[in-house]
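Here's the structure, in structure tokens; my notes come after.
Number of protein chains: 2
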Amino acid sequence: MSAIRHALSTKREDDFAQWYQEVISEAEMAEESGVRGCMVIKPWGYGIWERIQRLMDDRIKAAGVTNCYFPLFIPLSYFAKEAEHVEGFAKEMAVVTHHRLVGDGKGSLVPDPEAKLEEPLIVRPTSETVIGAAMARWVQSWRDLPLMVNQWANVVRWEMRTRMFLRTSEFLWQEGHTAHADRDDAMTETLRALEMYRDFAETELAMPVVAGEKPENERFPGAVATYSIEAMMQDGKALQAGTSHYLGTGFAEAAGIQYQDKDGTQQYAHTTSWGTSTRMVGGVIMTHGDDDGLRVPPMIAPQQIVILPMLRDNDEDEALLAYCEELRKALVTQFALGEPLRVLLDKRPGKATQKRWAWVKKGVPLILEIGGRDAAGGQVSMLRRDKLWNEAAKANFVGLAKEDFVSRAAAEIEDIQSALFAEAKAKLDANISRADSFDGLAAFFSEDKRYPGWVEVEWSRPTGAALEAVVQKLKALKLTIRNTPLDSAPVTGNCVFTGDPAVERIYVARSY
Amino acid sequence: MSAIRHALSTKREDDFAQWYQEVISEAEMAEESGVRGCMVIKPWGYGIWERIQRLMDDRIKAAGVTNCYFPLFIPLSYFAKEAEHVEGFAKEMAVVTHHRLVGDGKGSLVPDPEAKLEEPLIVRPTSETVIGAAMARWVQSWRDLPLMVNQWANVVRWEMRTRMFLRTSEFLWQEGHTAHADRDDAMTETLRALEMYRDFAETELAMPVVAGEKPENERFPGAVATYSIEAMMQDGKALQAGTSHYLGTGFAEAAGIQYQDKDGTQQYAHTTSWGTSTRMVGGVIMTHGDDDGLRVPPMIAPQQIVILPMLRDNDEDEALLAYCEELRKALVTQFALGEPLRVLLDKRPGKATQKRWAWVKKGVPLILEIGGRDAAGGQVSMLRRDKLWNEAAKANFVGLAKEDFVSRAAAEIEDIQSALFAEAKAKLDANISRADSFDGLAAFFSEDKRYPGWVEVEWSRPTGAALEAVVQKLKALKLTIRNTPLDSAPVTGNCVFTGDPAVERIYVARSY
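Chains A and B, in that order, are what the protein sequence lines are. Using my numbering, read the first sequence as starting at 335 and increasing by one per residue. Using my numbering, read the second sequence as starting at 335 and increasing by one per residue.
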């Protein structure tokens, strides 16, 4: 193997935002589309999303939730039914007003004034209203509850400042919507979805998170309670990577989701909704990426092992390719993480070092380089992408007998999944600090730390104007309250904001 | 088993259109959403679509095509680049003109005049233009070709008259888009996709089709050649169930998809596109449905076997459920059609006869009814849904020893798949007639046949005004040319329209 040094032009510590964009570009995950705020998700990025979709879908189905599909368009009148909800979204929605174009007589096309819709249609920013209308038709009796549906869909929220995967005007997501007979059952489902997300983030994405309740000011518009999973990016900022909402009876009242209970009385259902999106892909990049590009956890890697034959355009190539193909076949019968290994034999023409670098940037978990001498000697050279590859790259390649590699391939893949989680978990734990006063908190974030991480404080859970005062104080420091962790330790002191006796702990952080 | 007779209220022969709507409703596949032209796809309908998606996606990937995702919105200017293309679609597109709502001062929300888009955005009716723009960025050299991508997406074509699954304003589909160095390579891909669709329709959907080229007047807007698969519904009408287009260099010229060939010359790529949609679900209903509702081919059935314990709300239920669960576990280890059997144990409360009827209407391939006596005697009662169930229902149930059923379950499922195809193929073959003159053709369709099927004629493949005259003559009889089958027998006579020597055969039919 040659030790030619490739590198991204930006390191994480120099400019994290620029590094993020460069990883997306160099790993060929996505690009600007030319359509404002919308990205093109390219094969490697979409392949990761497909893995996320399939694994999340399995979990959703296992929980007894069934997939459906609801309309892209929501009539304006539906949307306006839930007052707080429309207030929360009204500022950023795409509005369809016409259903036909017509020539303007000057060679251009314009919306046809004759084809103006009587009622504008909103491109769904989320589907509580239109799914609520369906639930109102489907629910009559207590026997129809719980009703649990999910959809995989695109949604649009008009964003002024966009960033690929993290905040785009159109994004892809799943949204679960459930209706229940009472608060307890709905709350159980809200927390079940949250726990599903927490475990998914940690198991599938190898991304440690804190699951907890969002403060009142960060609730989903119209929700009674909003929960989130929050992950720590390598710049110390928090990323909200999934949310679950208990909606009380507000949406049911707006949509008319009523059922007859066992006593024959009409009751409103208690509803929930929960969602995760392509934003998770951004979280994976900022959790696992290094200065060589992306590192994909094997669970969600479109390919887990890439075999790179070092082709020389000569007579020996045929034997080399045959050796590689034999290796590929031996590998795909192995199971890792509960599924057959996903292995690609990359036969494309091109210099081996360049091809290797392309796969390093894409973050494929394991690269096998096979030269003619390896083939002749029954060897492979293995590079684990969870280790930094280009510092003493030669040392990071491990030579093994082919049979030895085949027998340990699944264990290597599983070990990479664990190693990425362990590394991220250690970073998370190392970057959570505690403060006992607002001054301490402020000092922490005003210090010349580029990536200060999160600070845990105790507070009295103020509401209304008192909460707003806290939010504004934090905003001045560019901080937000992330959540109150579900597994919070008991409080011992006073609220760092109000001085009142504390009732719980919260995480405060800069965030995406 | 009780022999209570349930029935749909409409038979196919009485009112096929009404029967179709009733099957969709009674099988709980979809319903009107309240949003004009858009349906809600319910769990059973969406489950069938998910099966179709997964199986089609496997085929697409196996062909070396990779999935991506492109924006929902297409700027008007992109769309206007390909003149014929925009002409073909301009009449029926949803136009986004605003990105915010605002209160109108009278308690309602209206599009905010301050948030009018400088350039309207079109909700994609198909994505050639926006994908072409991406391909122009991705293709530089002959080495980048062929470039083959696919996306699963929702698209919108504003339809005045809609029918669930067959023609809805929003529908779900996959659209493949490929770019090639030359005509031959592009045409090979166009026909590969067509053949993939033909084989998919016949193998997965058990729906026999004719693959062929559409006449000039039925080409996709901007295409050089359009091919389709056409299926015959039980009312004799044709359903276009998938299309594949060779687009020549027109879209490449409009979008600027250029590559440097091996000689260093800049060339325009030759592109193709091909798609199938939720329309296929409508085709499955009208191909396989009977007067008891839907019959789902096992390949695409969300559940292939439903076990119905005849619960009696007494002490024996526990043993009965244990027996059923043991049966379910034995079945899910069996493979049929290349995958593990999909088996549901339906433990929900409710009368066994009503539950059976619900599953019959949904068309689950095999129903097993298990009573207490069956459980005690190690028996099962099997009903194959490919046979009409309610005529002498008792006779259609087959009693078997549990072990015997388990060992033959996979074979039964595979036999149902074959039987449904054979039945549909026999219908197709029986309902294709031939005519040697236009009068013969006209007489055929003017006879008092409710479901006349298709007529095969020879023609001279007229173009331009001569073709238009043919189209109008047929239109007066409510007929259209479906396609020229690829495997057409040699022609022997003259064109039934022009009297000129014939060059090929075409199918003429009423259609959806």
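Cβ atoms here follow ideal geometry from the backbone N, Cα and C, with glycine treated the same way.
Taking a beta-carbon distance threshold of 8 Å, B/E384 counts as an interface residue toward chain A. Within the stretch 431-481 of chain A, the runs of beta strand (DSSP E) at least 3 residues long that lie entirely inside it are, in chain order, 435-437, 443-445 and 450-457. Between the C-alpha atoms of B/K395 and B/L645 there is a straight-line separation of about 45 Å.
With respect to A/W788, A/R816 sits close: the two C-beta atoms are nearer than 8 Å. Identification of chain A residues near B/W492 by a Cβ-Cβ cut-off of 9 Å yields H433, R434 and A449, ordered along the chain. Here A/F831 carries a coil assignment [DSSP, helix/strand/coil].
Put simply, the CB of B/Y403 is near chain A, with a gap under 8 Å to one of its CB atoms.
C-alpha of B/Q600 to C-alpha of A/R393: approximately 50 Å in a straight line. Of the other Cβ atoms in all chains shown, 16 or more fall within 10 Å of the Cβ of B/E564; this residue is therefore buried. Per DSSP, reduced to three states, the secondary structure at A/R816 is coil, with no helix or strand assignment. In this structure, the alpha-carbon of A/W486 lies about 15 Å from that of A/T577. In the displayed model, B/V399 falls within coil according to three-state DSSP, outside both helix and strand. Taking CB atoms only, B/M716 has no neighbour in chain A less than 8 Å away. Neighbourhood of B/E504 in chain A, by CB distance below 8 Å: P405, L406 and F407, in chain order. Counting along the chain, B/M566 sits inside no alpha helix (DSSP H); it lies in the beta strand (DSSP E) bounded by residues A559 to M566. At least 8 Å separates the CB of B/S845 from every CB of chain A.
Within the model, the alpha-carbon separation for B/K596 versus B/S475 is close to 8 Å. Less than 8 Å separates the beta-carbon of A/F404 from that of A/A468. Around the beta carbon of B/F669, fewer than 16 other beta carbons sit within 10 angstroms, so the residue counts as exposed. In the three-state scheme derived from DSSP, where H, G and I count as helix and E and B as strand, B/N730 is classed as helix.
Within chain B, the residues C402 and Y403 have their CB atoms less than 7 Å from the CB of A/I375, given in chain order. In the structure shown, A/N488 falls within a strand segment according to DSSP collapsed to helix, strand and coil. Neighbours of A/E426 across chain B, judged by C-beta separation under 9 Å: H433 and R434. Between B/A414 and chain A, the shortest Cβ-Cβ separation is below 8 Å. For A/K345, the CB contacts under 7 Å within the same chain, skipping 5 residues up- and downstream, are W353 and D625 in chain order.
With respect to B/R719, B/G697 sits close: the two C-beta atoms are nearer than 8 Å.
What B/A776 touches in chain A, judged by beta-carbon distance under 9 Å, is nothing: the nearest beta carbon there is about 35 Å away. If you draw a straight line from the Cα of B/Q387 to the Cα of B/E673, it comes to about 15 Å.
If you ignore the 5 residues before and after A/R477, its C-beta comes within less than 6 Å of no other C-beta in its own chain.
In the three-state reduction of the DSSP assignment, B/M716 falls in the strand class. If you look at A/I766, you'll find it in the beta strand (DSSP E) that goes I766 to R768.
In this structure, the beta-carbon distance from A/T460 to A/V489 falls below 8 Å.
Closest in alpha carbon position to B/Q568, among B/G774, B/D349 and B/E421, is B/D349.
Listed by position along chain A, the residues whose Cβ is nearer than 7 Å to that of B/A467 are G368. Interface annotation, A/P454: in contact with chain B, CB-CB separation under 8 Å.
Relative to the Cα of A/F831, the nearest Cα in the group A/A800, A/E536 and A/F778 belongs to A/A800.
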